[in-house]
Amino acid sequence: MKHLTLIRHAKSSWSDVSRGDFDRPLNARGLRDAPRMGAYLKKAKLPPVDRIVSSPALRARTTAELIAAALDVPNDSIVLEREIYAASLAALFTLVQGLNEANMHVVLVGHNPGFEQLAYALDPDFEGDGEKFPTCGVAQMELGIDTWSEIGEACAAKCQFVYPKLL
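As structure tokens, then:
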């Protein structure tokens with residue numbers, strides 16, 4: 228059984244208009260929420276994280292680093308994948324299908340709308356608690372598959388969804 232955790236990047240800043248979308252940093256709320264979500268995940272006693280795969284956009288990369296620190300996952304376990312930035316559902320499926328089979332629990336850190344679409348595709352009952360997939364939202368999924376190449380629609384056997392306002 229594989230475990231996939233989807234984390235949308237924490238809240239970012241729009242205050243510096245000279246920065247492009249790719250280079251937007253986290254704002255104060257994002258810098259507060261990411262470690263809180265990481266601490267929540269650590270207390271949730273999930274299977275150990277083997278790999279964190281993140282969009283290289285500054286806001287996602289910073290979120291990944293803060294989550295990794297809270298989970299005691301070394302930074303060399305973080306892989307940056309450009310494909311996650313502005314990824315379609317099909318691109319995200321392809322990315323997951325290509326994950327190293329030795330990794331039992333992978334965390335993806337990225338963006339909407341792709342992450343929300345992936346959550347709904349994997350678990351058609353995914354509700355998002357009426358909030359869709361807010362910033363720093365976490366969908367932790369236990370997948371009914373033995374290999375990443377088997378990932379497909381409705382393969383989530385179990386899904387837990389939490390976001391900062393619920394903590």
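Residue numbers (the working numbering): 228 to 394. Cβ atoms here follow ideal geometry from the backbone N, Cα and C, with glycine treated the same way.
Kindly indicate which residue of Q387, M368 and F388 has the alpha-carbon position closest to the one of G379.
Considering only alpha carbons, the answer is M368.
What are the start and end residues of the beta strand (DSSP E) that includes R251?
Premise fails: R251 is in no beta strand (DSSP E) and is neither H nor E.
Does the segment 315-330 come within contact of the segment 283-294, defined as at least 3 CB pairs closer than 8 Å?
As far as the Cβ criterion goes, the segment 315-330 does not touch the segment 283-294, which means the pair count is below three.
Tell me, which residues are paired with K385 by DSSP?
E369, per the DSSP bridge assignment.
Tell me whether D350 is buried or exposed, calling it buried when 16 or more other Cβ atoms sit within 10 Å of its Cβ.
Counting Cβ neighbours within 10 Å, D350 comes out buried, since at least 16 surround it.
Have a look at G265 and D277 and give me their C-alpha separation to the nearest angstrom.
So the alpha carbons of these two residues sit roughly 15 Å apart.
Can you tell me the Cα-Cα spacing of Q387 and V365, whole angstroms?
Computed Cα separation, rounded: 8 Å.
In the DSSP assignment, find the beta strand (DSSP E) that holds L231 and state where it starts and stops.
L231 -> beta strand (DSSP E) spans K229 to R235.
Restricting to Cα atoms, I'd like to know which of A384, L298 and P275 is closest to P262.
Checked all of A384, L298 and P275; the closest Cα to P262 is L298.
Measure the C-alpha to C-alpha separation of G371 and N339 and round it to an integer number of angstroms.
Computed Cα separation, rounded: 24 Å.
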